[in-house]
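Undergrad:
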Amino acid sequence: MQKDSKADHVEDADPESSSRDGAPAPHEVAQVLRKVDWRVIPILTFLYIMCYMDRSNIGNAKVAGMNSELHLTGSQYNIALTLFFIPYALLEVPSNFVLKLLRPSLWIGVLMFTWGTIMTLFGLVQSFAGLTVARAALGVAEAGFFPASAYLLTTWYRRLELQKRLAIFYSAGSLASAFSGLLAFALGNMDGIRNLAGWRWIFLIEGLATVAFSAITFLLLPDSPETAKFLSVREKKILYDRLRADAGTESGEVELHDKFHWPTIKSAFADWKIWVAIIIYLAHTICLYGFNYTVPTVILDLGYTAANAQLLTIPIYAFSAIGIPVLAYYSDKYATRWPFIVGPFALAAVGFIALLALPQPGLPGVTYGFLFCTPLGASAPLVALVTWIGNNLAPSWKRAIGMALLISVGNLGGAIGTNLYLERQKPHYWLGTENTAAVGEEVCSNTLVKHLSFTGSTAVGKSLNVACARSMKRISMELGGNAPFIVFDDADLEEAAKGLVTSKFRSSGQTCVCANRILVHAAVFDKFGELLKKTVNSTFVYGSVWDQAVNFGPLYSSKGMSKAISHLEDAVSKGGILLTKDLVARELGPNFLRPAIVKAATNSHLMTFTEEETFGPIAFMIPFNTEEEAIKIANQSNLGLAAYFYTESISRLWRVAEALNVGMVGARVGLVSAAEMPFGGIMESGMGREGGMEALHEFLEIKSITVGL
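Take the sequence shown: its position 303, counting from 1, is numbered 303 in full-length UniProt numbering, and each next residue is one higher.
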């Protein structure tokens, strides 16, 4: 085989000079790796910090007043974010073609100088049009950096040495986000200098710094092991032999100038492993980019000042920057990738679910705490994924193009993620954190799903029922309730009051089996009302969620709060008498409602609570005179989940239990839930059962087998 220049190829070095001392000792290998680590990793990491800061500082600029000065309206900010990702994704594969034809230090240096210049010009934009052009141009310039750097690392390290190095490099993105918040805080204080707004200084200073530091790339970034001037001939040979042995073939190369073959390129585009990895990569980019560009605004919406919102992003990304290398270390140590993809994604999911469920704008500290889940949870899988693909692609042309393809198509998720967190949807950002309708449609129509079990509202349950009917899918549903609670004149009133407190006010009245209509015999109506009030006052403690003595909390959302208040006001306007005061406790949170007791002695049939489940801590009391009247009122509902009643008569107990049109009856108890009990309702409260042996039967199919003799 004809040799190229001996200065460029390790395999052309004098064999005696590199092998006469025998195989390298472990300490010698470790010494060489440390030498490479200290030369390659810090430079790439620093460059990625600059790259990521320049990409994401627009979120800090928004908080510093960019949107108002440029008169951005509606979704224009999101459009500007999106336009970055189109050229960014499309040009990553072509960029790695160029990388293979040029020296990495030259190509990466040109890219860095270009995007630094563009970032500087961001500080001069005057309109939405200028902002969009600048963002698109930035996407063009930054497109090649990450795939080039990731590929370059694969030419220096063996497969089980790569992820922890790639993690250190990639964690620079989190460090960049942290530094970006700190710099934005500092540069924002330059507001007014030379008649320029603070947000403009963010772009100008960071852009000029990038241009200045691009010289580091030209001068210091090593291109490959065989051309590295900081390595001796023997050290180059050690690296080359290790990589060749790790590849398991004599043709394994570490230099950049292996021959170009179109079939090799085509094989990268046809490799199914890359396309499966792209799907996982999309989950990363959709989650992370939408989060990164929005998190300063989310923190601002929690009630913090703009300056403090910039600073409070720092701990979030610092946590991620520490966690990513730690997870990567254990992934390399145990020689496995998938747990370090699935596990962090689960952490990110927990964060998104919590942010969706937490009442807003209440509990700012708790909300801020859950923000820590997303950067680490969404970033760590990417490191494992890129390593996984890089480990399994050869030769080097296929690896270069395959990794670029993965990153290219995967980064299209950024165009999606930047449009999930819309200004009009804050503070919950429903589109970014909730897509249950699409999930429900897929579950109902997918033939791999054989049975659907759903707990939730009656309206949603009906929709799912219709969707499942199209594929004849078996279903079991536990839906809404409008539970009656009956107190007869022979009841133990103290026990009934305790039972009602358990039934009505558990979870602040926010369970499907909570008592909603309190039917009390006229003979004990007033007495029971006073006793219930006394029991409530002696049972509940209000205050901070961190106080262990507190046993009563807020409603789940402002929507739930509004519904409960509307039911209360409706009842009072129609003759109801309120027995409790100081119900709305704004000092405890925007959705905090203390237990309310209302005597609906007249016109109760006209009140909204008789038709709708309140789902809040309000006990509406209705008087009755006879057992028959109580049963009639209790059964005046299309819902039939649960019912409760108190009596000392055994004969009445069995009569009433039989007569109530519900799936579950609590006689002389305020709680009907138990693991061994079949849990569920009738009519519009659902079908099928949860709990007990009956729940297992819901998931079993009966098959008859006839065998001839």
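Every residue, glycine too, gets a C-beta built ideally from N, C-alpha and C.
Entirely within the region 305-386 and at least 4 residues each: give me those alpha helix (DSSP H) ranges in chain order.
TA: Fully enclosed alpha helix (DSSP H) runs of 4 or longer: 306-333, 339-357, 364-370.
Undergrad: If you draw a straight line from the alpha carbon of A178 to that of K164, how long is it in whole angstroms?
TA: Between A178 and K164, the C-alpha separation is close to 21 angstroms.
Undergrad: How big is the Cα-Cα spacing for R668 and I518?
TA: Each residue's Cα considered, the two are about 14 angstroms apart.
Undergrad: Please report how far the alpha carbon of S544 lies from the alpha carbon of W38, in whole angstroms.
TA: Rounded to the nearest angstrom, the two C-alpha atoms are 50 angstroms apart.
Undergrad: Run through the DSSP bridge pairs and tell me what T644 is partnered with.
TA: Contrary to the premise, residue 644 reads as Tyr rather than Thr in this sequence. Bridge partners of Y644: F485, G666.
Undergrad: Look up V520 in the DSSP assignment and give the residues it is bridged to.
TA: According to DSSP, which records beta bridges pairwise, V520 is partnered with V487, P623.
Undergrad: Taking C-beta to C-beta, are L288 and I341 nearer than 9 angstroms?
TA: In this structure, I341 does not lie closer than 9 angstroms to L288 by Cβ.
Undergrad: Excluding the five sequence neighbours on either side, which residues of its own chain have a C-beta within less than 7 angstroms of the C-beta of K703, listed in chain order?
TA: Closer than 7 angstroms at Cβ, skipping near neighbours: no residue.
Undergrad: Give, in chain order, every unbroken run of the alpha helix (DSSP H) that is at least 4 residues long and sits entirely within the region 550-578.
TA: Segments of the alpha helix (DSSP H) lying fully in the region 550-578: 558-573.
Undergrad: Excluding the five sequence neighbours on either side, which residues of its own chain have a C-beta within less than 7 angstroms of the C-beta of S637, listed in chain order?
TA: Excluding sequence neighbours, S637 sits near N482.
Undergrad: Closest by CA to N537, which one among E676, H451, D582, L182?
TA: Closest option to N537, Cα to Cα, is D582.
Undergrad: Alpha carbons only, please: which of P24, A23, L90, N60 is nearest the one belonging to L412?
TA: Nearest option by C-alpha distance: L90.
Undergrad: Alpha carbon to alpha carbon, what distance is there between T626 and G670?
TA: In a straight line, the C-alpha of G670 is about 22 angstroms away from that of T626.
Undergrad: Return the first residue and the last residue of the beta strand (DSSP E) that H451 is part of.
TA: Where H451 is concerned, the enclosing beta strand (DSSP E) stretches over 451-455.
Undergrad: Here's the rule: buried if 16 or more other CB atoms are within 10 angstroms of the residue's CB, otherwise exposed. What is N446?
TA: Flag for N446 reads exposed.
Undergrad: When the Cα atoms are used, what is the spatial distance from K504 to P617?
TA: Rounded to the nearest angstrom, the two C-alpha atoms are 7 angstroms apart.
Undergrad: Mind the definition here: the region 675-689 touches the region 647-665 only if three or more C-beta pairs lie below 8 angstroms; say whether that holds.
TA: They touch, by the three-pair rule.
Undergrad: Can you give me the start and stop residues for the alpha helix (DSSP H) that S105 sits inside?
TA: 104-122 is the span of the alpha helix (DSSP H), which, as asked, contains S105.
Undergrad: Would you mind stating whether L220 and I43 have Cβ atoms separated by less than 9 angstroms?
TA: Yes; because the gap between Cβ atoms is below 9 angstroms, this pair is in contact.
Undergrad: Tell me, please, whether the region 449-458 touches the region 490-503 by the rule of three or more beta-carbon pairs shorter than 8 angstroms.
TA: With the cut-off at 8 angstroms, the region 449-458 and the region 490-503 do not touch.
Undergrad: Tell whether a beta-carbon distance below 9 angstroms holds between V439 and L641.
TA: No, the pair does not count as a contact, with Cβ atoms beyond the cut-off.
Undergrad: Counting C-beta neighbours from all protein chains within 10 Å, is the total for I650 16 or more, i.e. buried, or is it exposed?
TA: The residue in question, I650, is exposed, as its Cβ has fewer than 16 Cβ neighbours within 10 Å.
Undergrad: Less than 9 angstroms separating the beta-carbons of F372 and G351?
TA: Against a cut-off of 9 angstroms, the Cβ pair of G351 and F372 comes out as a contact.
Undergrad: Over what stretch of residues does the alpha helix (DSSP H) that includes V32 continue unbroken?
TA: It spans 26-63 - the alpha helix (DSSP H) in which V32 sits, taken as one unbroken run.
Undergrad: Are the CB atoms of A150 and L166 nearer to each other than 9 angstroms?
TA: Result yes, Cβ atoms of A150 and L166 sit closer than 9 angstroms.
Undergrad: Taking the C-alpha atoms as reference points, what is the distance between S180 and S171?
TA: Spanning the two alpha carbons is a distance of roughly 14 angstroms.
Undergrad: What is the DSSP secondary structure of A245, counted as helix, strand or coil?
TA: In this structure, A245 counts as helix in the three-state DSSP scheme.
Undergrad: How many whole angstroms separate the CB atoms of E530 and Y646, which I take to be in contact at a CB cut-off of 8 angstroms?
TA: About 17 angstroms; that fails the 8 angstroms criterion.
Undergrad: So, at 6 angstroms on beta carbons, what are the nonlocal neighbours of L101 in its own chain, with the 5 sequence-adjacent residues on each side left out?
TA: Result list for L101: empty, nothing under 6 angstroms.
Undergrad: How is F540 classed by DSSP in three states: helix, strand or coil?
TA: Looking at F540 - three-state DSSP - the assignment turns out to be coil, as it is neither helix nor strand.
Undergrad: Assign L583 to one of three DSSP states: helix, strand, or coil.
TA: Of the three classes helix, strand and coil, the one that applies to L583 here is coil, per DSSP.
Undergrad: Report the partner residues of G686 according to the DSSP bridge assignment.
TA: Paired residues: E478.
Undergrad: For F128, does the three-state DSSP call read helix, strand or coil?
TA: Three-state DSSP puts F128 in a helix.
Undergrad: Could you tell me the distance, in whole angstroms, from the CA atom of V707 to the CA atom of E701?
TA: The straight-line gap from Cα to Cα measures roughly 19 angstroms.
Undergrad: Is it the case that the Cβ atoms of G485 and A674 are separated by a distance below 9 angstroms?
TA: Sequence inspection shows Phe at residue 485; the Gly mentioned does not correspond to that position. No, they are not a contact pair.
Undergrad: Quick check: what's the CA-CA separation for V295 versus L532?
TA: In a straight line, the C-alpha of V295 is about 46 angstroms away from that of L532.
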